[in-house]
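Student: Residue 23 in UniProt numbering sits at position 23 of the sequence shown; the count goes up by one each step and never skips. The beta-carbon is built from N, C-alpha and C at its ideal position, and this holds for glycine as well. Being a predicted model, the structure only gives us computed values, none of them experimental. Can you keep this structure in mind? I'll have questions shortly.
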Amino acid sequence: MIFEYIDDKNRGKLKAGMNREEVQKIFNSPIFEFKKSPFCEVTSDAFHELDIHAHYNQKTNKLEGIEIFQPNHLIYKNDVVLLERDLKFLLIDLKNKKIPFTTDCLGIDLEKGKLGVYVPHIDESCPECACVYVDLEGGCSLNILDK
């Protein structure tokens, strides 16, 4: 699937506050429910066939974030693709396009934490970007450009 990051909480197809049925209808794929941690009361939805996780707010049970795994793509500002690429090339692309970001031991943060690119082996010579977490409660949304 190809997703597009929208820096507007109301314009995208996937946005914070959606109920499970709305999210499940959009993905139209078998669901596996799981708890992201032992302390969670509300489950998340894994759409294994699509390599997507939908996470729900622990108080409201409404959509709070989407986790997108390879081989999916997430298109960010200036046509930067955040998934399915070597970290080195992503960092070069972000710097060349003057897109602000921070890095830590887990990966890259963009948009003041709205986007987190997880890089599991960041200390290796050629680390890859494994997934992107989009915090929809941060004021953004996602479009689906291609299934």
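Based on DSSP bridge pairs, tell me the residues matched to residue 15.
Tutor: To locate residue 15, count along the sequence shown from 1; it is residue 15. Answer is 141.
Student: When the Cα atoms are used, what is the spatial distance from residue 94 to residue 100?
Tutor: Residue 94 sits at position 94 when you count from the first residue of the sequence shown. Residue 100 sits at position 100 when you count from the first residue of the sequence shown. So the two alpha carbons sit approximately 7 Å from each other.
Student: Can you tell me which of 2, 80, 144, 134 puts its alpha carbon nearest to the alpha carbon of residue 71?
Tutor: Within the sequence shown, the letter at position 71 stands for residue 71. Ranking the options by Cα distance to residue 71, first place goes to 2.
Student: Between the Cα of residue 115 and the Cα atoms of 44, 24, 64, 30, which residue gives the shortest distance?
Tutor: On the sequence shown, position 115 is the one that residue 115 refers to. Measuring from the Cα of residue 115, the nearest candidate turns out to be 64.
Student: Note down the Cα distance separating residue 28 from residue 73, rounded to an integer number of angstroms.
Tutor: Stepping through the sequence shown from its first residue, residue 28 is reached at position 28. Stepping through the sequence shown from its first residue, residue 73 is reached at position 73. Between residue 28 and residue 73, the C-alpha separation is close to 18 Å.
Student: Spell out a yes or no on whether the segment 104 to 122 and the segment 134 to 145 are touching, meaning 3 or more CB-CB pairs, one atom from each, closer than 8 Å.
Tutor: With a cut-off of 8 Å, the segment 134 to 145 and the segment 104 to 122 count as touching, because enough Cβ pairs lie within range.
Student: To the nearest whole angstrom, what separates the beta carbons of residue 68 and residue 45, a pair I think is in contact under 8 Å?
Tutor: Locating residue 68 in the sequence shown gives position 68, where the first residue counts as 1. Locating residue 45 in the sequence shown gives position 45, where the first residue counts as 1. Actually they are not in contact, since the Cβ atoms of residue 68 and residue 45 sit about 13 Å apart, beyond 8 Å.
Student: What are the partner residues of residue 116, as DSSP defines its beta bridges?
Tutor: Your numbering for residue 116 matches position 116 in the sequence shown. For residue 116, which the question treats as bridged, DSSP gives the partners 109, 133.
Student: Below 8 Å CB to CB, which residues in the same chain sit around residue 49 once its five sequence neighbours on both sides are set aside?
Tutor: Numbered from 1 along the sequence shown, position 49 holds the residue referred to as residue 49. Once the five neighbours on either side are set aside, the close Cβ partners of residue 49 are 29, 30.
Student: Cutting at 6 Å between CB atoms, please list the residues of its own chain near residue 102, excluding the five before and the five after it.
Tutor: Your numbering for residue 102 matches position 102 in the sequence shown. If we look at residue 102 and ignore the five residues flanking it on each side, its Cβ neighbours are 109.
Student: My output table needs one value for residue 22: the three-state DSSP class, helix, strand or coil.
Tutor: Taking the first residue of the sequence shown as position 1, residue 22 is located at position 22. Helix.
Student: State the DSSP-derived secondary structure class of residue 63, mapped to helix, strand or coil.
Tutor: Indexing the sequence shown from 1 puts residue 63 at position 63. Reduced to three states, the DSSP call for residue 63 is strand.
Student: Would residue 145 pass as a contact of residue 66 if the rule is Cβ separation under 9 Å?
Tutor: Taking the sequence shown and counting its residues from 1, one reaches residue 145 at position 145. Taking the sequence shown and counting its residues from 1, one reaches residue 66 at position 66. The answer is no: Cβ separation not under 9 Å.
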